[in-house]
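First up is the structure itself, then whatever we jot down about it.
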Amino acid sequence: MMTRARLAFVFVLGALAGCQTAVQQADAPPPPPSPERQEFITQFKNIDTANKGMITLDQAKAHYAEVFRRLDTNRDGFLTVAEIQPLMPVMAARSASELVARLDRNGDNKLTLAEFQVINSWLFRLSRDPNSLSLEEVERGFAPQAENRPQPTLFGN
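At position 135 of the sequence shown (counting the first as 1) the number is 157 in this note's numbering, and the numbers step up by one without a gap.
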């Protein structure tokens, strides 16, 4: 049977080992961002044309209007499931049809620019200010512990 002194010694050794592990973990470089997180940060930087680490709602609206125009390959003023497919990496949706269903307000299985612009409200849920969003807020919205669950900021859950 262990004496109290031995128990205390074992406890201290265990605590010191835990401290050493914590120090080693603190010194370790952070893991690389997930592809989804990296894509989202890249999209933020594309919107941040002034390179200030901050975007405005107007900048985001202009950016996504241009994205809509580029995705609308047949120039009919609507986005179909096939046309929205290239946006999937940043949207964290399971499929383009699921994304269209989430955005499609009138049930015609295609998106108008106004329906597509709902993306901005998802994006700005990360912000404390309804008219501007910082890269820090975006990165905090994609905290490592949050990467394994759906991101309401992009997919409106």
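Here a beta-carbon is modelled for each residue, glycine too, at the ideal position from N, C-alpha and C. This one's a predicted model, so the numbers in the text were calculated from it and none came from an experiment.
- Message: Since LEU155 and LEU148 should fall inside the 8 Å C-beta cutoff, what is the C-beta to C-beta distance between them, to a whole number of angstroms?
- Response: Locating residue 155 in the sequence shown gives position 133, counting from the first residue. Locating residue 148 in the sequence shown gives position 126, counting from the first residue. Going by Cβ atoms, the distance from LEU155 to LEU148 rounds to 6 Å, so yes, they are a contact pair.
- Message: Please report the straight-line C-alpha distance between GLN137 and GLU105, rounded to a whole angstrom.
- Response: Against the sequence shown, residue 137 aligns to sequence position 115. Against the sequence shown, residue 105 aligns to sequence position 83. Reading off the sequence, residue 137 comes out as Glu, not Gln. Each residue's Cα considered, the two are about 15 Å apart.
- Item | ASP126 versus SER117, VAL140, ALA115 and MET113, residue with shortest Cα-Cα distance | Numbered from 1 along the sequence shown, position 104 holds the residue referred to as residue 126. Among SER117, VAL140, ALA115 and MET113, the Cα nearest to that of ASP126 belongs to VAL140.
- Query: Rounded to a whole number of angstroms, what is the C-alpha to C-alpha distance between LEU135 and PRO53?
  - Reply: For the purposes of this step, residue 135 is identified with residue 113 of the sequence shown, where counting begins at 1. For the purposes of this step, residue 53 is identified with residue 31 of the sequence shown, where counting begins at 1. So the alpha carbons of these two residues sit roughly 37 Å apart.
- Own chain residues within Cβ distance below 8 Å of ALA87, not counting five before or after: For the purposes of this step, residue 87 is taken as residue 65 along the sequence shown, with counting starting at 1. Counting only Cβ-Cβ distances below 8 Å, and skipping sequence neighbours, we find LEU135 and GLN139.
- Item | Pairwise C-alpha distance: ALA50 and MET113 | Working through the sequence shown from its first residue, we reach residue 113 at position 91. Working through the sequence shown from its first residue, we reach residue 50 at position 28. So the alpha carbons of these two residues sit roughly 30 Å apart.
- Task: Throw me the rounded Cβ distance for the LEU93 and LEU109 pair, which I believe falls under 8 Å.
- Result: Taking the first residue of the sequence shown as position 1, residue 93 is located at position 71. Taking the first residue of the sequence shown as position 1, residue 109 is located at position 87. Contact between LEU93 and LEU109 holds, since their C-beta atoms are separated by about 7 Å, short of 8 Å.
- Three-way DSSP call (helix, strand, coil) for THR78 in this model: Sequence index remark: in the sequence shown, residue 78 carries index 56 (1-based). Note: THR78 maps to strand in three-state DSSP.
- Own chain residues within Cβ distance below 8 Å of PRO152, not counting five before or after: Along the sequence shown, read from residue 1 onward, the residue named residue 152 stands at position 130. The residues are LEU79 and PHE146.
- Item | Contained alpha helix (DSSP H) runs [length at least 4] in the stretch 47-127, N- to C-terminal order | Correct list: 57-69, 79-93, 103-106, 110-113 and 118-125.
- Message: In the DSSP assignment, the beta strand (DSSP E) including SER154 goes from what residue to what residue?
- Response: Counted from its first residue, the sequence shown places residue 154 at position 132. Taken as a continuous stretch (DSSP letters only), the beta strand (DSSP E) holding SER154 covers 154-156.
- Task: For the alpha helix (DSSP H) holding SER149, just list the boundary residues, first then last.
- Result: Position 127 of the sequence shown, counting from 1, holds the residue named residue 149. Per DSSP, SER149 belongs to no alpha helix (DSSP H) and is neither H nor E.
- Item | Continuous alpha helix (DSSP H) stretch holding LEU135: start and end | If you number the sequence shown from 1, residue 135 lands on position 113. From DSSP, the alpha helix (DSSP H) with LEU135 extends over 135-138.
- So what does DSSP say about ASN142, is it helix, strand or coil? The residue given as residue 142 occupies position 120 in the sequence shown. Of the three classes helix, strand and coil, the one that applies to ASN142 here is helix, per DSSP.
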